[in-house]
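Asks: Okay, here's the structure, questions in a sec.
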Ligand code: PEP
Ligand code: MG
């Protein structure tokens, strides 16, 4: 065996694990061997050898081959077998393995060591000539392809035709072998060497060569892996699970990868090789069968599972082989698992003293929590995908397709599951969205109305499904070849943005004790507070259940959704002057007051940030085209009607609608998102601000009178100029004083603003003179900084990402280089004026794990996100506190 001073070659039992030097696979085998696991013996030729190979114009560097020969001698001794001869022939696997895994991109050679004499010996010791000759034939095929570059298709077509004729006996294999050898000789002009050492020398060079194969080079370029790393070559004694009754092969997870339960889980195939399991030709047995057939091996495997977990400190996925009653371990790696299992295993490993609480937090990636909180679609390969769009709100749901909100409501009331499909949604569709199981829109981005409302309700939603055409008149949607009519069933996967035909299996979420435990550690670890964007008492109660520590954004306009409220809102908008407007507002005030009381009750002891009315008023009116159609229809009816009462009724309806149409036209703006909205509404119609402020403070005082601890924070939206803020702040403060005076009691409150326009971030030092808190509205800030419409950019942003123009959707993950600068500047300038300025974020980025890491960096006090995203944000905040960025 080479001394520890060897330069290029490292036997498994005499090396230190080092992924850089030995590659991931080689290093893993070394560490398993060193830890005393039964690994078939072998050695690793280092990545340095590969680099030297290229430095030397593709020649093995001096000394490498001598060290290899020495290692082979050691290997023969350790395995008790002989390379290239009987009585027991040593067969080798020769595998590539770089620092970074590059699955299938480089070459591997198996059964090396077979030749005309050792195949006979193998046939004898195995008592299985078919197996011996098939192994030899496979080796020749691989060698021809990998070492001599014979076209793979040429060799495979010979194998295919032999298989068609029947490849059963040893002589069938011998015949095919002779055929392959002739093909190889024809291409390579030389036979495969009989001397296994010569075979090995050529194989090592071929594996080094494959580092620079076209596919490996492309893979590295795409994945940003350096070509300077080089690959290691692992040479290992092969063991055979198909050596008879006392042999077999299997895989085992040290814990159940679905539930996380601490019991070994796996499959076993007696008298078989690993590839038989992968090929799925034979159905594997459960490990219980192994326990019955080979109790001793089963005991060893169980014991090994425990030792492996102690060594690697995580659940392992093991490949093992039993060769004539001896257990061998071929590979161990961290086992893949469901989110539920990830949480349970992380918690139990802490309880068992294997890992720390902080480590357990890092064992669950924030985005995976969605799998725990929402139903997950489990599609089969045979399920038909109709279309894909932007995943706007997670979870899977199936239902009948409907195109109209009223219909959605009716069918849902009758107990049907429905999916509401619209080109886009507006407040008019709210009741249909509330009734539906899932929502699909053809247009819109991840911060569009449908997306925000669906996320708030925790409903599955896919938006920006540009490939679907919706025909409202015919009540059908088309997507490529597929036509789906009203009443057909579809399934919406809000995690991936996929729409399937028919009802696809979904798995319901399950929260258990482990989840609660992990989240308690998360909360102890994080320093950022997490609040929810919640608009109703029910939302607020749900937010508390999700672990929110307050409300960071109550969008008061959402309180005007729902038929009766929209009507009152419309009367306010239609009012010809301030007097009538106040009358309509007086109808809305008690509704808002009641809502705020409900929210304060649910949020007892936590802050509630209430934003004054924000959207442009036209959003509360019916659509222009719908109103025109209704007027035309009424006029047609008028012509056909002879009854005077009828005529009068229709005429007054037409008059009313024409007033509405006029108002819609007056409110129309070319760029409504840059138009008359936010604080600009309150400046033109101060009575709206007054009504809202009165509702807030009346609710606060009444709640405080009942013993509820209230911390209202009134927020003024879309401020660009300090004076805008001041003018609204004055109204709010005056109303607060008068409400407090009326009730003879006051409550503490904060008055602040959203920072959602670049000018506000740039002049944050001025605004902070008056504002007591900032909340970054990163949806609008992204829209206004990048000049990207949050409603329409779904049409082309996916193409931008595909072409690599941008890395990710800036409405989902904060554009750190651009918008991020404004956020940082806003925080710094704001706090330069007011050191104790409270700062948070309430745009959708408040629930995005990557963005949360940035918000921690810039020193925000809290993030606020949709209710059902709160657990993800809590976990992401803990990651951020630990200084780890999620990928
Ligand atoms: C924002 O702009 O980021 C925000 C939270 O407000 P909205 O999404 O309601 O415009
Ligand atoms: Mg906004």
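Numbering (our numbering), first residue to last: 117 to 1003.
By construction, the Cβ of each residue, glycine as well, lies at the ideal position given by its N, Cα and C atoms.
1. Pick helix, strand or coil for residue 930, following the three-state DSSP scheme.
2. Contact defined as beta carbons within less than 8 Å: I believe residue 606 pairs with residue 514. What is the distance between those atoms, to the nearest angstrom?
3. At a cut-off of 7 Å, is residue 219 close to the ligand MG when judged by its beta-carbon and the heavy atoms of the ligand?
4. Under a three-way DSSP split, which group does residue 581 fall into?
5. List the residues that DSSP assigns as beta-bridge partners of residue 594.
6. DSSP beta-bridge partners for residue 447?
7. If residue 893 sits next to residue 959, beta carbons under 8 Å apart, how far is it from one beta carbon to the other, in whole angstroms?
8. Please determine, among 499, 734 and 533, the residue with the shortest C-alpha to C-alpha distance to residue 781.
9. Flag this pair as touching only if the segment 979 to 987 and the segment 644 to 664 have three or more C-beta atom pairs under 8 Å; answer yes or no.
10. Consult DSSP for residue 119 and reduce its assignment to one of helix, strand or coil.
11. What residue range does the alpha helix (DSSP H) around residue 312 cover?
12. With three or more C-beta pairs closer than 8 Å as the rule, is the segment 901 to 910 touching the segment 735 to 742?
13. Kindly give me the distance between the Cβ atoms of residue 996 and residue 968, rounded to whole angstroms, as I take these residues to be in contact under 8 Å.
14. Of all the options 730, 731, 732 and 774, which has the alpha carbon lying nearest to the alpha carbon of residue 751?
15. State the start and end residues of the unbroken alpha helix (DSSP H) segment that holds residue 970.
16. By Cβ distance, which residues of its chain are closer than 6 Å to residue 985, with the 5 residues on each side in sequence left out?
17. Taking DSSP's pairing of strands, which residues face residue 62 in a bridge?
18. Can residue 684 and residue 694 be called in contact, C-beta distance under 8 Å?
19. Just verifying my parser: in three-state terms, what is the DSSP assignment at residue 795?
20. Please report how far the alpha carbon of residue 551 lies from the alpha carbon of residue 732, in whole angstroms.
21. List the endpoints of the continuous alpha helix (DSSP H) containing residue 227.
22. Can you tell me whether DSSP reads residue 874 as helix, strand or coil?
23. Below 6 Å CB to CB, which residues in the same chain sit around residue 865 once its five sequence neighbours on both sides are set aside?
24. Quick check on the burial criterion: 16 or more other C-beta atoms within 10 angstroms. Buried or exposed for residue 708?
25. Leaving out five residues on either side along the sequence, give the residues of the same chain with a beta carbon under 8 Å from the beta carbon of residue 379.
26. Three-state secondary structure (DSSP) at residue 854?
27. Is it true that the CB of residue 671 sits closer than 8 Å to the CB of residue 730?
28. What is the DSSP secondary structure of residue 428, reduced to helix, strand or coil?
29. Tell me the DSSP secondary structure of residue 1000 in three-state form.
30. Quick one: Cα of residue 118 to Cα of residue 138, how far?
31. Could you compute how far the alpha carbon of residue 951 sits from the alpha carbon of residue 925?
32. Is residue 129 near the ligand PEP, going by C-beta to nearest heavy atom under 7 Å?
33. The alpha helix (DSSP H) with residue 788 in it runs from where to where?
34. When you compare the segment 462 to 471 with the segment 175 to 195, are there three or more beta-carbon pairs, one atom per stretch, that lie closer than 8 Å?
35. Would you decide whether residue 494 is buried or exposed? Buried here means 16 or more other CB atoms lie within 10 Å of its CB.
36. Which whole-angstrom value is the C-beta distance of residue 492 and residue 614, which I expect to be below 8 Å?
Replies: So, to answer that:
1. When DSSP states are grouped into helix, strand and coil, residue 930 belongs to the coil group.
2. So it is a contact: roughly 7 Å between Cβ atoms.
3. The closest heavy atom of the ligand MG lies 7 Å or more from the beta carbon of residue 219.
4. Coil at residue 581, not helix or strand.
5. DSSP lists 585 and 599 as partners of residue 594.
6. Beta-bridge pairing links residue 447 to 435.
7. Contact between residue 893 and residue 959 is confirmed by a C-beta separation of about 5 Å, below the 8 Å threshold.
8. When C-alpha distances from residue 781 are compared across 499, 734 and 533, the shortest belongs to 734.
9. Under the Cβ criterion (8 Å, minimum of three pairs), the segment 979 to 987 counts as touching the segment 644 to 664.
10. Because the pLDDT at residue 119 is just 43, under 50, the model does not fix this residue reliably, and the point stays unresolved.
11. From DSSP, the alpha helix (DSSP H) with residue 312 extends over 312 to 326.
12. Too few Cβ pairs lie closer than 8 Å, so no.
13. Going by Cβ atoms, the distance from residue 996 to residue 968 rounds to 6 Å, so yes, they are a contact pair.
14. Here the closest residue by C-alpha is 774.
15. Looking at the DSSP string, the run of the alpha helix (DSSP H) that includes residue 970 is 965 to 974.
16. Same-chain partners within the cutoff: 963.
17. Residue numbering for the chain in the displayed model covers 117 to 1003; residue 62 lies beyond these limits and cannot be assessed.
18. With respect to the 8 Å criterion, residue 684 and residue 694 are not classified as neighbours on the basis of their beta carbons.
19. In the three-state scheme derived from DSSP, where H, G and I count as helix and E and B as strand, residue 795 is classed as helix.
20. Taking the straight line joining both Cα atoms gives about 26 Å.
21. Looking at the DSSP string, residue 227 is not in any alpha helix (DSSP H); the run it does join, the beta strand (DSSP E), is 224 to 228.
22. When secondary structure is reduced to three states using DSSP, residue 874 falls in the helix class.
23. Once the five neighbours on either side are set aside, the close Cβ partners of residue 865 are 828.
24. By the 10 Å Cβ count, residue 708 comes out buried.
25. Here the set comprises 371 and 372.
26. Per DSSP, reduced to three states, the secondary structure at residue 854 is helical.
27. Residue 730 is a Cβ neighbour of residue 671, given a cutoff of 8 Å.
28. Here residue 428 carries a helix assignment [DSSP, helix/strand/coil].
29. Correct three-state label for residue 1000: coil.
30. For residue 118, the predicted model reports a pLDDT of 40, less than 50, meaning its position is unreliable and no value from the coordinates is stated.
31. Distance between the alpha carbons of residue 951 and residue 925 is about 33 Å.
32. Flag unset: Cβ of residue 129 not near the ligand PEP.
33. Counting along the chain, no alpha helix (DSSP H) covers residue 788, and no H or E run does either.
34. Touching, no, given that fewer than three Cβ pairs across the two stretches are closer than 8 Å.
35. The residue is exposed, with fewer than 16 neighbouring Cβ atoms inside 10 Å.
36. Residue 492 to residue 614, Cβ: 12 Å. No contact.
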